[in-house]
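In the UniProt record's numbering, the protein residues as written are 1 to 256.
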């Protein structure tokens, strides 16, 4: 498309493409200031995922309880409750749980810090190798029945990745020295922006996404343990067979 002739129309076409690809979940992939007459090349990325739980939550069991934003502040948030068969893994700074979707191909994984542990510190020290090893051990752990309590939440964020990619070594694409001859015959083409937006909603029926207690505690009655995600945690959507991570993010505040 020709950005110089009608940047407004180009913006509408790109956003319409995103709406179609994400079933209306992402309605404005690009903002108005991202496309103008001087724009030459924009790279966008959208992923849409919708999964129903293997064992859905009952909406009638959803109730408000305190979510601890930090050590001194809590807010009320709707929590979903049910007994579920899941896989769990204890590690040095917390606990991990894998909640399966009904197709048997994907899982929502929650990484919950122990009481007093700092989520930011865990993230900083979490290398890819360590995370991959933990996920492999989780996949191989036995299934147990737990009393599961998760906040109902939605996370939406967007990123302009030019600076990040430049810091990783991809600098030439944003300069006059760029060479895109492999994808176009146009000369002197420069990458203007790389935009990524993601949306994820966790609710009673399942998950829809487009890009104290909380530990597994000592058994209570019978063989039922408890997992209560009532403080900031990391969430992952993982393809179970290949180990591919589709989404990785954090939930820190129910107020958004």
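Using N, Cα and C, we set each Cβ at its ideal position, and we do this for glycine too. If you're wondering where the values come from, they're calculated on a predicted model, not measured in any experiment.
Using 8 angstroms as the Cβ pair cut-off and three pairs as the minimum, do the stretch 34 to 53 and the stretch 175 to 194 touch?
yes
In or out: residue 95 buried (at least 16 other Cβ within 10 Å) or exposed?
Here the question's residue 95 lines up with position 95 in the chain shown. When all chains shown are included, residue 95 counts as buried.
Looking at C-beta atoms only, is the number of pairs between the stretch 135 to 142 and the stretch 167 to 181 that lie closer than 8 angstroms three or more?
no
Hey, could you find the ends of the beta strand (DSSP E) residue 133 is sitting in?
The residue labelled residue 133 in the question sits at position 133 within the chain shown. Segment 128 to 139 is the alpha helix (DSSP H) holding residue 133; no beta strand (DSSP E) there.
Cα separation between residue 224 and residue 198?
If you number the chain shown from 1, residue 224 lands on position 224. If you number the chain shown from 1, residue 198 lands on position 198. Confidence at residue 224 is low in this model, with a pLDDT of 49, below 50, so its placement is unreliable and the value that follows should be read with caution. Using only the alpha carbons, I get a separation of about 35 angstroms.
Anticipated Cβ contact below 8 angstroms, residue 259 with residue 148, distance rounded
Outside the modelled stretch of the chain, which goes from 1 to 256, sits residue 259, for which no answer is possible.
Runs of 3 residues minimum, wholly inside the stretch 147 to 184: which ones carry the beta strand (DSSP E) assignment?
153 to 160
Please list, in chain order, all residues of the same chain as residue 35 whose beta carbon is under 6 angstroms from its beta carbon, the five residues on each side excluded.
Working through the chain shown from its first residue, we reach residue 35 at position 35. Closer than 6 angstroms at Cβ, skipping near neighbours: 7, 10, 11.
What distance in whole Å lies between the Cβ atoms of residue 227 and residue 251, which are believed to be in contact at a cut-off of 8 angstroms?
On the chain shown, residue 251 is found 251 positions in, with the first residue counted as 1. On the chain shown, residue 227 is found 227 positions in, with the first residue counted as 1. Between residue 227 and residue 251 the Cβ distance is about 15 angstroms, and since that is not below 8 angstroms, they are no contact.
Should residue 173 and residue 48 be called a contact, given that it needs their Cβ atoms to be closer than 7 angstroms?
Your numbering for residue 173 matches position 173 in the chain shown. Your numbering for residue 48 matches position 48 in the chain shown. Cβ atoms of residue 173 and residue 48: not closer than 7 angstroms.
Segment contact, 8 angstroms Cβ cut-off, at least three pairs: the stretch 119 to 135 with the stretch 49 to 68
no
Let me check one thing: in DSSP terms, what residues is residue 74 bridge-paired to?
Within the chain shown, residue 74 is the residue found at index 74, counting from 1. Paired residue(s): 68.
Complete runs of the beta strand (DSSP E) confined to the stretch 29 to 62 [at least 3 residues]:
42 to 45, 48 to 52
Using the DSSP secondary-structure output, state which residues sit across from residue 238 in a beta bridge.
The count along the chain shown starts at 1 and reaches residue 238 at position 238. For residue 238, which the question treats as bridged, DSSP gives the partners 107, 245.
Straight-line gap, residue 79 to residue 57 (C-alpha atoms, nearest Å)
Stepping through the chain shown from its first residue, residue 79 is reached at position 79. Stepping through the chain shown from its first residue, residue 57 is reached at position 57. Looking at the two C-alpha atoms, the distance is approximately 10 angstroms.
Residue 7, enclosing alpha helix (DSSP H) - first and last residue:
Start at 1 with the first residue of the chain shown, and residue 7 comes out as number 7. Run containing residue 7: 7 to 21, per the alpha helix (DSSP H) assignment.
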